[in-house]
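Read the structure below first, then the notes.
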Amino acid sequence: MDIGIIIAGILTLAIFTFLYRDNPIYRLVEHLLIGLSIGYALVIYWQTTLVDILFRPLFTGGKPVLLIPLVLGLLMFSRFNSRLSWLSRIPIAFMIGAGAGVAIPAMLYARTLKQVSASVMPLIDDGGFHIEALVVALGLLSTLAYFYFSREHEGLMGKAARLGTYFLMVFFGATFAYTVMSRMSTFIGRIDFLLTDFLRLIG
Amino acid sequence: MKQRLPVIICFLAGAIMFLQYFSPHPVARSVYSAILDYWQIIFAFTLLVGVAAYVKSNLKQISRGQDIPYRLVAIAGIILMPILAIIGGIKIDSPFLWVFENVIAPMQATVFSLLAFFVASASFRGFRARNLQASILLGTALIVLVGRVPIADMISEYFPKLTFWIQNYPSMSARRAILIGIGLGSMTTAFRVILGIERTYLKGE
Amino acid sequence: MTPAGIRWIIFAGLFAVVTLSYLVVVDFGSLSSPEVQKSYDYLENLPEGAVVMVSFDHEASSLPEIQPIALAILRHIFRSNLKPVGVSLFAEGTAIGYRLMNKTAGEFGKKYGTDYVFMGFKPQQIAAILGMGESIKNIFPEDYLGTPVEKLPLMADIENYDDIEMVISIADGSLTVHWIEYAGAKYGQPVMAGLTAAMITSYDPYLSSGQLFSVVGGLKGAAEYESLIGRKGGGTRGMMAQTTTHLYVIVLIIIGNIFYFRSKTKSGAKQ
Amino acid sequence: MKNVGSRFIIFALILTNARDAFADDIAGQASIWFDRATLPTLILSVICIAIVVYAIRASKSGRGITIREIPGLAAVEEAVGRATEMGSPMLFTPGWGGDIQRPTTIASMNILSTVAEKAAEYDCRLIYPTHDPVIMAVAQEVVKESCYKAGYPDRYRPDDIFYISSSQFGYAAAVDGYISRTKPASVFLLGTFEAESLILAETANSIGAMQIAGTDSTIQLAFFIVACDYTLIGEELFAASGYLSRNPAILSSVRAQDIIKILIVLFVIIAMAWATIDPLSTWWKF
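One line per chain: the protein sequences are A, B, C and D, in this order.
The first sequence begins at 84 in our numbering and counts up by one.
The second sequence begins at 103 in our numbering and counts up by one.
The third sequence begins at 5 in our numbering and counts up by one.
The fourth sequence begins at 2 in our numbering and counts up by one.
In structure tokens:
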């Protein structure tokens, strides 16, 4: 039998032992997984980022402007020296600032404008009365009331917010159930591997 | 200096990225892709810093005699992968990829599959009809669970349709409200960051 | 009983339910949903020798769910004598994609280079997708094995999306959206998706707007596809387990509530 | 007609998002500095920014802002107290899905700073594993500052805030291990979570930890609601960071968000009425 399958099978069973309780076997494979996946990431980032977009263009492609990110990146190492560690804030500030700048229009477009405009539907048209349009509007407006923070939820606002929680519960229930299928499939896949490839009970 | 320089850099990076969103001009786009590249490069260096800190703290624990075998395994794993990559490359049939396919990938898939068990135990204790809200949660979950497997079609053709209706109307509307709220919360947070009002990341002296 | 004891019973129960129902193969008859039928019909009606692109846009951890879908679609492609060009937008999907293509090609006696090729992985997905709209050879000057593209007979006639009938993105996340929004919207390239069950609903808007041609989703989608090509595989085999696990979860919810109401009436009586 | 409109938006999205990939494609329009398809987003951005500026100024002029009670926030104090009483540590993790530039992560950092300050005050150990080295660096700064603020700089333990594997299930396996071994009395799962959410929440439950969760990932919210003691739903996470830190800038942002919500509600009502009267209208489509 393929040595790879034997190893994979043993590791699979070792991780399942966690379901009983934390134990030395799980602990060993957990640390193996952490170590190997860190090592894997190091290699991939080294190759696809540092070599492909930094070193090669910088040293052989004649792009001196890449000295900027190189210096910014090296500044991160100042964290190991307590007197210089404030320097690492410069690259961090760059990353946070750039991310925040993208986030404003992107969030407003995808998470606000698109969502609002997709919720607008005619209540009545040639096809008659659309109960769906009413449900969507009620759900959206009442859930927004739930997310209204600068007032206590009393009176009409309280009632609307309460209706909002019902819609939220429908969403949570449906999402949970929808995802069950996928989660079970993954486990079924592991059982398939154990029974078919590892134990060879199924041909 | 220690405070002001990062705030200025944060503002400049933020303002440039905000403005480029609205511009299809080649200059704007090349600035955008340059910043993306810089971002990735800085991240890669930071990864080195994070891994170095992780290794350092493990070595410290080992020298104290704590959990020696486990920590040695983790460090061995970190060292092994780059060595394999240097020896045999990272393409198909390399030892590096062999370890990935036969050791890392099965372990990841198995940790992922633990979710099936946790879904089961969470269902057992989480879906209790304590009040009206909890009952709605419970009822919706039951309908959709049945509606997703072949037996639903056997019970009634309306079952899968009901599932679909719930997903597309009441459930979708609540999801939209959540997304709108997150969008607004993210927007104001990002705005405070760019203006330097939000300085969580500058803390510590 | 202690909470830990109850957990062990629940866990052991799930193990038993899945293992036993996996050993039993039950025929649910010919399963079919319109979406899967549409995917099948499209590939079935392509002329022999037509080129399709199969993109492996998933990570290793979701392989258990992805593999049956990928195998069913690849088997259909090779059986119909279509010629697939494999690519990957996720580093982790690359080796997996190559192995799956080799495995199924071997079953049908297809030859690498003339009947199928695997170009490999490109980072910066959007740039790669758009770039292939102009020239695939520019984006992939050599294949996954390092062979220059000029030495691959299949690639001789393929310039860009104009020479490709369909892109089939096999994904566990949002990468298919890039195919839809860039290859689809800009170059008019039709896109089909093979998705994990958890992702299906996220793609509903694209499906209803017609931007996404069709979806083969989850283990159930794989089972349906398998019954269409008349070759049972992991999907069909898993269907019984899929059904019983759902029933198992439903039973757990019901028992949980029985416990809850019994303990409530008991504590009520004590007061 | 509608189709043409939506296709135009998609094309516009490509123009603005795809950047470097097809420089020649755009060559004909090289002089265009503004993409008209983004006009609605620009207008909305300007309106929103104006409202935020207004709210921040108004709060400076002394008008106090109160926000409604958020279930789960009082629980933060309780969670710290519980850990102190039991002599067990607390565990705080921001999830695998986020990175530092994500606003959710920043909100999570604000809550971390409150929790860390209380932890330092009561001398309660706080463990913070993360998948992202940049988040690790920032969290160390935040906790260090909180310990100073609480008056116990010596209670800052940098080794308790650490990076573990960028791989999703490497991270999940490791945090699971930490939870089962250190048996924290309280667990905070605040940030952007993906599939690992339920693995962490159920493991924490199995050791009897009190759990406060909050995320902007809509799908994972369902799992947190079912498995955790308290869940901050989406925007509540942002409001919570203002509530806990009593930071007037954050509180006034929450106020600004509410004002925008009122505008959204008005927009939806008017647009629905309009669409019902004139079904061919499309001015509300973006």
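We put the beta carbon where it would ideally sit given N, CA and C, even for glycine.
As the structure is a computational prediction, the values presented were derived from the model and not from experiment.
Same chain, Cβ closer than 6 Å to residue i, neighbours up to 5 away in sequence not counted
i        : result
D/Met2   : Residue placement at D/Met2 is flagged as unreliable, the pLDDT there being 28, under the threshold of 50; the coordinate-derived value follows with that caveat. Taken in chain order, the list of residues that qualify is empty.
B/Ile238 : none
D/Ser114 : Val143, Ser147
A/Phe160 : none
B/Pro262 : Gly249, Ala254
B/Thr265 : Val246, Gly249
C/Ile44  : It is Tyr, not Ile, that sits at residue 44 of chain C in the sequence shown. Hits under 6 Å: Leu232.
D/Asp161 : Ile128
Beta bridge counterpart(s) of residue i as assigned by DSSP
i        : result
D/Leu92  : D/Ile128, D/Val188
C/Lys87  : C/Val55
C/Met170 : C/Val56
D/Met211 : D/Ser187
D/Thr232 : D/Ala214
C/Val219 : C/Ala197
C/Asp61  : C/Ala175
Simplified DSSP assignment, three categories, for residue i
i        : result
B/Tyr123 : coil
D/Asp133 : coil
D/Asp25  : No answer about D/Asp25 holds up, because its pLDDT of 39 lies below 50 and its placement is not dependable.
C/Tyr148 : coil
B/Tyr172 : helix
C/Val30  : coil
C/Tyr252 : helix
B/Val153 : helix
D/Asp177 : helix
C/Tyr120 : strand
C/Gly198 : strand
A/Ile207 : strand
D/Ile162 : strand
A/Ser233 : coil
C/Phe125 : strand
Distance between residue j and residue i (C-alpha atoms, nearest Å)
i        : j        : result
C/His80  : C/Tyr229 : 9 Å
C/Leu77  : D/Val255 : Before going on, a small fix: residue 77 of chain C reads as Ile here, not Leu. The alpha-carbon atoms of C/Ile77 and D/Val255 are separated by roughly 50 Å.
C/Tyr165 : C/Thr180 : 16 Å
C/Ile262 : C/Tyr252 : 15 Å
B/Gly249 : D/Phe287 : 34 Å
D/Val188 : D/Gln212 : 5 Å
B/Lys193 : D/Val53  : 52 Å
C/Ile259 : C/Val56  : 50 Å
B/Gly298 : B/Ile110 : 8 Å
B/Val129 : B/Ile118 : 12 Å
D/Ile128 : D/Tyr179 : 9 Å
Neighbour list for residue i in chain D, Cβ cutoff strictly below 7 Å
i        : result
B/Gly152 : Pro134, Met137, Tyr164
A/Lys197 : Phe287
A/Arg110 : Gly178
Cβ neighbours of residue i in the same chain (closer than 7 Å, five flanking residues each side left out)
i        : result
D/Glu118 : Ser147, Lys150, Ala151
C/Phe122 : Gly90, Gly101, Tyr102, Met105, Asp147, Tyr148
B/Gln142 : none
C/Leu211 : Val219
D/Lys145 : Tyr157
C/Thr248 : Val21, Ser25
A/Asp135 : none
A/Val219 : Ser202, Met204
Other residues of its chain near residue i: CB distance less than 8 Å, five sequence neighbours each side excluded
i        : result
C/Tyr120 : Phe82, Lys87, Pro88, Val89, Gly90, Met105, Ala109, Lys114, Leu158
C/Val30  : Met243, Met244
D/Cys49  : Ala257, Ile261
A/Pro205 : His213, Ala216
D/Asp100 : Thr106, Asp133, Val135, Ile136
Interface residues of chain B facing residue i [CB-CB closer than 7 Å]
i        : result
A/Met240 : The contacting residues do not exist; A/Met240 stays about 15 Å from chain B at best.
Chain D residues whose Cβ lies nearer than 8 Å to that of residue i
i       : result
C/Ser25 : Within chain D, no residue comes near C/Ser25; the closest Cβ sits about 23 Å away, beyond 8 Å.
Neighbour list for residue i in chain B, Cβ cutoff strictly below 8 Å
i        : result
A/Arg139 : Those do not exist, as A/Arg139 stays about 12 Å from chain B at its closest Cβ, beyond 8 Å.
Where residue i meets chain C, residues with beta-carbon distance less than 9 Å
i        : result
A/Tyr261 : Ala201, Ala202, Ile204, Thr205
Distance cut-off 7 Å: residue i Cβ against heavy atoms of the ligand GDP
i        : result
A/Ser165 : Of the ligands one can find in the structure shown there are none, so the ligand GDP has no counterpart to examine.
Under 7 Å by beta carbon: chain C residues contacting residue i
i        : result
B/Gln210 : Ala64, Ser65
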